[in-house]
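I have placed the structure first, in the form of structure tokens, so that the comments after it can refer back to it.
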Amino acid sequence: MKTPAIQRFHDALFAHWGEQHWWPARTRAEMMLGAILTQNTAWTNVEKALSNLRKNGALNLRTLENCPQEKLTGWIRPAGYFNQKADYIKAMAATLRNRFDGSLDRLFALDTPTLRHELLSWKGIGPETADSILLYAGKRPVFVIDAYTRRFLSRHGLCGEKTRYDDLARLFADNLPADPRLFNEYHALIVRLGKEHCKTKPECTGCPLEGIARKNPDIGLAKHGAV
DNA sequence: CACCAGGCAAGTA
DNA sequence: TACTTGCATGGT
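Just so it is clear: in the first sequence, position 7 is 6 by numbering that gives the first Met the number 0, and no numbers are missing.
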């Protein structure tokens with residue numbers, strides 16, 4: 000199904016804000032830790048947790064696998080759900096060593112479908128976290144469907160409330176070239192839109208997308224401001 | 001005080 | 001398959 004607005008929205012957002020330089024992490028390990036820590040949690044709290052890990056030289060999976068559980072929960076406490084997330088991180092580190100010789104290079108040598116299936120088999124890694132890792136650490140052309148993306152699509156009448164994750168992902172895959180750089184920027188732009196604009200102005204007056212919504216009857220300005 | 005924030009697993013019907 | 005519940009901190 001063709002939905003040209005998907006491409007147009009990206010172009011308008013990119014023209015308005017430009018490159019977003021995501022994911023904010025220096026290494027794949029830091030990226031993957033952030034992906035777990037940010038689950039249902041404000042990014043500002045994740046930054047505190049990552050800062051604690053960095054201060055203690057624990058932004059790598061070998062250190063994290065061997066450190067005491069109480070150390071780890073203490074460091075990531077600000078990110079919430081710290082008992083669960085500590086287990087997820089410990090399990091990730093152990094799996095990486097047991098099945099991939101502790102090498103992220105070996106993990107990311109897997110082809111995209113195999114790597115996605117592998118990540119989804121890890122405790123604490125669901126579709127959103129897996130796809131974040133695929134896109135931002137693995138540079139694969141996989142679109143991330145998170146709470147911001149759902150709100151964005153829903154507000155613009157491009158999906159229903161109960162649309163499945165895979166159907167939302169297909170909406171992007173079917174209307175964009177499979178370019179990881181494009182997927183990267185688009186998702187980051189959607190998050191920025193949700194964070195700093197639509198959050199404070201749900202009606203989206205002055206929103207970078209208002210003009211597009213006005214010109215396209217299939218989108219409809221009425222739905223533009225809907226929840 | 002309530003409500004939310006870049007989810008997921010486990011249990012139930 | 002389609003709900004429901006627990007997990008937890010910090011900001012508004």
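All C-beta atoms, glycine included, are put in the ideal place defined by N, C-alpha and C.
When rounded, the separation of the alpha-carbon atoms in P23 and M30 is 8 Å. In its chain, beyond the 5 residues on either side, L103, A136 have a beta carbon closer than 6 Å to the beta carbon of R27. Measuring C-alpha to C-alpha distances from R139 to each of G193, D130, R163 identifies D130 as the nearest. Remark: C-beta atoms of A48 and I75 approach each other more closely than 7 Å.
P112 has its alpha-carbon roughly 28 Å from the corresponding atom of F8. The alpha carbon of Q6 has as its nearest neighbour, out of A172, I35, D100, E195, the alpha carbon of A172. With contacts defined by Cβ atoms closer than 7 Å, D145 and E127 form a contacting pair. Here the alpha carbons of L175 and N51 stand approximately 38 Å from one another. In the pairwise beta carbon analysis, the region 105-125 is classified as not touching the region 54-71: fewer than three pairs are separated by under 8 Å. Within its own chain, the residues whose Cβ lies closer than 7 Å to the Cβ of G79, once the five positions on either side in sequence are excluded, are T40, N44, listed in chain order.
DSSP places D130 inside the alpha helix (DSSP H), whose first and last residues are 126-131. For G73, the secondary structure class from DSSP, reduced to helix, strand or coil, is helix. Between L71 and A92, the C-beta gap is not smaller than 7 Å, which leaves the two residues out of contact. Assigned with DSSP and collapsed to three states, V141 falls in coil, not helix or strand. Between L134 and V141, the C-beta gap is smaller than 7 Å, which places the two residues in contact. When the five nearest sequence neighbours on each side are left out, the beta carbons in the same chain lying within less than 6 Å of the beta carbon of F99 are those of R105, L106, in order along the chain.
Taking C-alpha positions only, Q68 is separated from E46 by approximately 20 Å. Relative to the Cα of L118, the nearest Cα in the group P207, A34, T2, A11 belongs to A34.
By the Cβ-count criterion, R115 is buried, with 16 or more other Cβ atoms from all chains shown falling within 10 Å of its own Cβ. Judged by DSSP in its simplified three-state form, R163 adopts coil rather than helix or strand. Rounded to whole angstroms, the separation of the alpha carbons of L58 and W121 is 19 Å.
A residue is called buried when at least 16 other Cβ atoms come within 10 angstroms of its Cβ; N183 meets this threshold and is buried. Residue environment for K1: exposed (fewer than 16 other C-beta atoms within 10 angstroms of its C-beta).
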